[in-house]
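Contents: one structure, followed by commentary.
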Amino acid sequence: MFAIILIVVSPILALSIENWIFLWVLLEVSSVGFIIFMKSLEMSVVYFLTQTFGSVLILFHLAFWKENLFLSFSISPSLLVLGLILKMGVVPMHQWFLNVGSKIKKGALFVLMTVQKVIPLFLFKMFFKVGGISFLAMISVIFGVFFQFGVMNLKKLILYSSVANMGWLILLSSFHMTMLALFFILYSIILSFIIPFIEIKSIEIILGFMSLAGIPPLLGFYSKLIALKFFTVWSGLWGFMLLLTSVINTFIYFRIFMSLSLKTPPFILHLMQKSTKKMVLFGQFTLSLVLMII
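Rendered as structure tokens:
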């Protein structure tokens, strides 16, 4: 219970604070809470070491930035970026994220892929201007998608998908806070449908991956539609590349969907048709909500 309080309260407080010292403290408090929550000694050690190294890099950035040391304008931002992407598990610092995510329980996996990203994303929003980290974010999207080729393990697939979606979120963090929050919330809702059923290959898994692919009228379609609206206005090239990676993702998920469908009994497919109707209605409701926000 104590760990859950630390995990939940830390990002909530961080969103109302602009002092970098307090933000760093809350980031570490959140990490400590997650280490307690994992209840896995081996993975806790791996997570602790990576988070500690990331924190050291962030502290060096803050020291250079605060004291205006020599070469601070060139070294300091690089240290901050390295520290944040290490803490988030973004390409090329993603290996620990895949290792830890594949060996922890479902509840911890959901927290790792959602709540633990809030404060780092907020720091990206504070320190970087529009387009300042676009290349790094795009690399994460591209590699996160192409890593999924040949992967049939659903847990690994969702982890690679998270690497790609972190690229989308980092890009949005430098554009619009409201759109970032909306994309993050919709993405978290989709994960809440997928992760509880990740090991049983159920109907929810299929629909969840279809939503992650951005297939209309499911939930993920609207989050990516909103993001692409902003990206194409800023840069047509980036917008096209993001759209292309989404199409490739759709192909990958449909391949998984077809593989599961061939192994699914007829009565399950009948239930799936009913569930799909519910998801469509939910998607239509979400569209009306999104249009109101926009």
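In the numbering used here, the protein residues as written are 2 to 295. We treat Cβ as the ideally placed atom computed from N, Cα and C, and that holds for glycine.
| Query | Result |
| --- | --- |
| CA-to-CA distance, leucine 170 to valine 92, given in whole angstroms | 13 Å |
| Asparagine 20 versus leucine 192: straight-line alpha-carbon distance, rounded | 31 Å |
| Proximity below 8 Å, CB of leucine 160 to CB of leucine 99 | yes |
| Distance between valine 101 and glycine 151 (C-alpha atoms, nearest Å) | 21 Å |
| Own chain residues within Cβ distance below 6 Å of serine 212, not counting five before or after | Ile191, Leu219, Leu220, Gly221 |
| Other residues of its chain near proline 197: CB distance less than 7 Å, five sequence neighbours each side excluded | Lys107 |
| Proximal residues to valine 57 (C-beta, below 8 Å), its chain only, five neighbours per side dropped | Gly84 |
| Other residues of its chain near phenylalanine 144: CB distance less than 6 Å, five sequence neighbours each side excluded | Val92 |
| Separation of histidine 62 from glutamate 43, as counted between CA atoms | 29 Å |
| Reduced DSSP category for threonine 179 - H, G, I as helix; E, B as strand; rest coil | helix |
| Other residues of its chain near tyrosine 48: CB distance less than 8 Å, five sequence neighbours each side excluded | Ser32, Phe35, Ile36, Met39, Trp97, Val101 |
| Exposed unless 16 or more other CB atoms sit within 10 angstroms - verdict on methionine 259 | exposed |
| Inter-residue spacing [alpha-carbon to alpha-carbon] between phenylalanine 194 and alanine 109 | 15 Å |
| Expected contact under 8 Å - CB spacing of valine 82 and isoleucine 8 to nearest Å | Not quite, the Cβ-Cβ distance comes to about 24 Å (not below 8 Å), so this is no contact. |
| Glutamate 200 - DSSP class collapsed to helix/strand/coil | coil |
| Counted within 10 angstroms of its Cβ, other Cβ atoms place threonine 246 as buried (16 or more) or exposed | buried |
| Three-state class that DSSP yields for asparagine 20 in the structure shown | coil |
| Supposed close pair lysine 156, isoleucine 199 - CB separation, criterion 8 Å | 5 Å |
| Close-in-space but distant-in-sequence residues of the same chain around methionine 89 (CB under 7 Å, 5 per side omitted) | Lys118, Pro121, Met167 |
| Distance CB(phenylalanine 251)-CB(isoleucine 216) smaller than 8 Å | Looking at the sequence shown, residue 251 is not phenylalanine but threonine. Yes; because the gap between Cβ atoms is below 8 Å, this pair is in contact. |
| Check whether phenylalanine 231 and phenylalanine 176 have beta carbons under 8 Å apart | yes |
| Same chain only: Cβ atoms within 7 Å of leucine 16, ignoring 5 sequence neighbours per side | Phe123 |
| Contact set for isoleucine 134: own chain, Cβ-Cβ below 7 Å, skip 5 residues either direction | Val82, Phe125, Ile171, Ser175 |
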